[in-house]
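Here is the structure we will look at.
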Amino acid sequence: MGKSAAIWGLVVLLVLSGCSGVRLGGSYGGPRIGPGQYVVQRGDTVYGIATAHGVPMRSFIELNHLDPPYTLFVGQVLTIPPRPTHVVRRGDTVYRIAQTYNVDMSALVRVNDLAPPYVIYVGQVLQLPGTTEPRDDPPAVAAAPAPVPASGEPAGGAQAPPPTASETRVAALPPPKAEAIPTPPPRQGRGLEWPVRGKVIVPYGTTAKGMRNDGINISAKVGTSIRAAEAGVVAYAGNELKGFGNMLLLKHQGGLITTYAHADELKVQRGATVKRGQIIASVGQSGSVSSPQLHFEVREGSKAVDPMKYLD
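Here it is, written out as structure tokens:
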């Protein structure tokens with residue numbers, strides 16, 4: 001199972017502190033020198049800029065041809081990917097659109113300044129927060145607004161008056177700030193606890209097929225509890241990294257980082273403090289694997305090490 005340096009450079013960007021280009025500071029709102037362009041300021045990071053503009057980090061990195069460790073320089077000019085839009089069709093609802101594009105419904109509501117009961121209208125153009133590819137049978141996506149029918153027909157069939165300017169405008173909200181995670185708690189053991197018990201089906205290192213595995217893969221039944229190998233803080237919780245599926249990263253005292261990928265369900269959120277042995281997820285088959293398993297990594301800073309050297 002190969003783990004690309006580019007993907008892990010992105011992960012390290014999210015969790016390391018005290019390194020150049022890794023602080024979660026910066027204003028992120030500007031300045032700009034042209035449409036879709038941004039000038040790097042002191043304290044800016046790739047994660048912070050992408051988050052503030054509501055665009056996927058991977059798209060931002062690829063568009064700007066950035067390489068690990070994604071260090072930015074004051075005055076550097078970056079291009080912001082255009083935020084995708086959705087033109088409302090008959091039968092659409094806010095919930096359905098959020099499900100179609102796999103985006104958070106509250107983020108969709110917030111970025112479009114929608115108010116309860118969230119009535120939307122045929123032809124209305126909604127901005128989509130950072131998205132993945134739409135699911136099967138997606139509605140049309142347009143780069144420019146389509147005219148709203150004179151009837152002001154609600155998409156979901158609800159009886160409501162035609163939209164006013166305030167109902168259809170896209171809100172000019174202040175950019176969100178990326179918040180730093182708490183300091184990890186003291187470690188509670190000398191080594192690391194096994195996150196799940198099972199057979200190691202892919203060991204650390206280079207496989208027989210010449211693929212590099214930066215951790216170990218442990219086979220287990222779907223739903224088996226995944227436990228924190230050591231006390232720490234959740235530095236990442238999500239599924240934005242292609243191939244890893246649902247994944248957690250825990251940051252521990254001493255610069256140690258543990259990774260838990262291909263989970264079925266994540267039971268903790270970014271910023272949460274966890275205890276050694278606490279249930280943090282369940283085994284699944286998400287990402288690019290063909291059977292239920294846990295991909296587990298241990299990193300000393302950004303360097304991957306053999307987890308077997310740490311596991312009790």
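So the sequence shown is residues 1 to 312, counted in full-length UniProt numbering.
A virtual CB, placed ideally from N, CA and C, is assigned to each residue, including glycine.
Contact under 9 Å by Cβ, residue i with residue j
{"i": "Arg187", "j": "Gly271", "result": "no"}
{"i": "Leu248", "j": "Ala231", "result": "no"}
{"i": "Asp264", "j": "Ser282", "result": "yes"}
{"i": "Val40", "j": "Leu72", "result": "yes"}
{"i": "Gly245", "j": "Ser288", "result": "yes"}
{"i": "Gly54", "j": "Arg83", "result": "yes"}
{"i": "Glu240", "j": "Met57", "result": "yes"}
{"i": "Asp92", "j": "Val111", "result": "no"}
{"i": "Val74", "j": "Phe60", "result": "no"}
{"i": "Thr85", "j": "Pro185", "result": "no"}
{"i": "Gly284", "j": "Gly243", "result": "no"}
{"i": "Tyr38", "j": "Thr79", "result": "yes"}
{"i": "Ala304", "j": "Tyr204", "result": "yes"}
Residues bridged to residue i (per DSSP)
{"i": "Arg227", "result": "Ile279"}
{"i": "Phe244", "result": "According to DSSP, which records beta bridges pairwise, Phe244 is partnered with nothing at all."}
{"i": "Ile218", "result": "Val200, Leu294"}
{"i": "Asn213", "result": "Gly205"}
{"i": "Glu299", "result": "Here the sequence assigns Arg to residue 299, which means Glu is not the residue at that position. Answer is Ile257, Ala304."}
{"i": "Gln114", "result": "Looking at the sequence shown, residue 114 is not Gln but Leu. Bridge partners of Leu114: none, in fact."}
{"i": "Val274", "result": "Gly232"}
{"i": "Glu265", "result": "Ser282"}
{"i": "residue 313", "result": "With the chain covering 1 to 312 only, the question about residue 313 has no answer from this structure."}
{"i": "Gln127", "result": "Thr85"}
{"i": "Leu311", "result": "Leu192"}
Buried versus exposed call for residue i [16 or more other C-beta atoms within 10 Å across all chains shown]
{"i": "Thr259", "result": "buried"}
{"i": "Ala235", "result": "buried"}
{"i": "Arg190", "result": "exposed"}
{"i": "Lys221", "result": "exposed"}
{"i": "Leu294", "result": "buried"}
{"i": "Pro307", "result": "buried"}
{"i": "Gly36", "result": "exposed"}
{"i": "Ala52", "result": "buried"}
{"i": "Thr206", "result": "exposed"}
{"i": "Leu215", "result": "Sequence check: residue 215 is Gly here, not Leu. Buried, since its Cβ has 16 or more Cβ neighbours within 10 Å."}
{"i": "Gln269", "result": "exposed"}
{"i": "Pro116", "result": "exposed"}
{"i": "Gln124", "result": "buried"}
{"i": "Glu297", "result": "buried"}
{"i": "His65", "result": "exposed"}
{"i": "Arg90", "result": "exposed"}
{"i": "Pro50", "result": "The sequence shown places Ala at residue 50, rather than the Pro named in the question. Ala50 is buried by the Cβ-count criterion."}
{"i": "Asp312", "result": "exposed"}
Nearest-angstrom Cβ-Cβ length linking residue i and residue j, presumed shorter than 8 Å
{"i": "Leu128", "j": "Tyr101", "result": "6 Å"}
{"i": "Arg227", "j": "Gln278", "result": "6 Å"}
{"i": "Ile280", "j": "Val233", "result": "With 8 Å as the limit, Ile280 and Val233 do not qualify as a contact, their Cβ atoms being about 11 Å apart."}
{"i": "Leu250", "j": "Ile257", "result": "7 Å"}
{"i": "Ile97", "j": "Leu126", "result": "7 Å"}
{"i": "Tyr195", "j": "Ala229", "result": "In the sequence under discussion, the amino acid at residue 195 is Pro, which differs from the Tyr named in the question. Contact holds; Cβ gap of about 5 Å."}
{"i": "Arg299", "j": "Glu193", "result": "About 17 Å separates the two Cβ atoms, so there is no contact after all."}
{"i": "Asn213", "j": "Val200", "result": "The Cβ separation is near 11 Å, so there is no contact."}
{"i": "Val88", "j": "Ile120", "result": "5 Å"}
Open item on the list: Quick check on the DSSP output: what are the complete beta strand (DSSP E) runs of length 3 or more inside the region 20-103, in order along the chain?
Closed with: 37-39, 77-79, 85-87
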